[in-house]
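Residue numbers (the numbering used here): 22 to 154.
This report concerns only the one structure given below.
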């Protein structure tokens, strides 16, 4: 995993290739978001949760993450996760006996906008989250 662009004063996007664990993706995202949140006076817990859910879903259901992008905009952060699967995410019915099934619903609940783009090399799931104060 490497950063192709460092987060700078003007909130340059952060791009990571192959963050194969949610924990590692969250840790890198936390560093990116600390500077964004400090300047915006915002909380970023929801963004970290969405990073974790999208990366976990890509690892579990799509064979892994090929790229994670974080981009700060005015009052928002966009989280984009790319993987090699061409299958769109599907909401799962929750089951009291089986763990999981809440991630996709949670991503939609926390995000202002969620989009899925499918191409010949896989898909990108993007979520735009407001930075809360």
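Cβ atoms here follow ideal geometry from the backbone N, Cα and C, with glycine treated the same way.
Quick caveat: nothing in here was measured; it's all calculated off a predicted structure.
Keeping to the same chain, check which residues put their C-beta closer than 8 Å to that of residue i; ignore five residues upstream and five downstream.
{"i": "residue 69", "result": "47, 50, 51 and 54"}
{"i": "residue 109", "result": "137, 139 and 144"}
{"i": "residue 105", "result": "83, 84, 85, 87, 142 and 143"}
Among residues of its own chain, excluding the 5 on either side of residue i, which ones have a beta-carbon nearer than 7 Å to its beta-carbon?
{"i": "residue 107", "result": "139, 143 and 144"}
{"i": "residue 131", "result": "67, 70, 71 and 150"}
{"i": "residue 128", "result": "71, 74, 75, 135 and 148"}
{"i": "residue 126", "result": "112"}
With burial defined as no fewer than 16 other Cβ atoms inside 10 Å of the residue's Cβ, what is the status of residue i: buried or exposed?
{"i": "residue 124", "result": "buried"}
{"i": "residue 146", "result": "buried"}
For residue i, which option in the options has the closest C-alpha, if you only look at C-alpha atoms?
{"i": "residue 82", "options": "112, 129, 127 and 118", "result": "112"}
{"i": "residue 84", "options": "56, 90, 102 and 65", "result": "102"}
{"i": "residue 89", "options": "118, 65 and 79", "result": "79"}
Excluding the 5 residues preceding and the 5 following residue i in the sequence, name in chain order all residues of the same chain whose CB lies nearer than 6 Å to its CB.
{"i": "residue 134", "result": "149"}
{"i": "residue 31", "result": "At residue 31, the pLDDT of 48 sits below 50, so the modelled position is not reliable; the number obtained from the coordinates is stated separately. For residue 31, where only same-chain residues beyond five positions count, there are no Cβ hits under 6 Å."}
{"i": "residue 43", "result": "73, 76 and 77"}
Any beta-carbon of chain E closer than 8 Å to the one on residue i?
{"i": "residue 141", "result": "This model lacks chain E altogether, as it is built from one protein chain only."}
query = Whole alpha helix (DSSP H) runs in the region 87 to 143 with 4 or more residues, listed along the chain?
reply = Segments of the alpha helix (DSSP H) lying fully in the region 87 to 143: 124 to 131.
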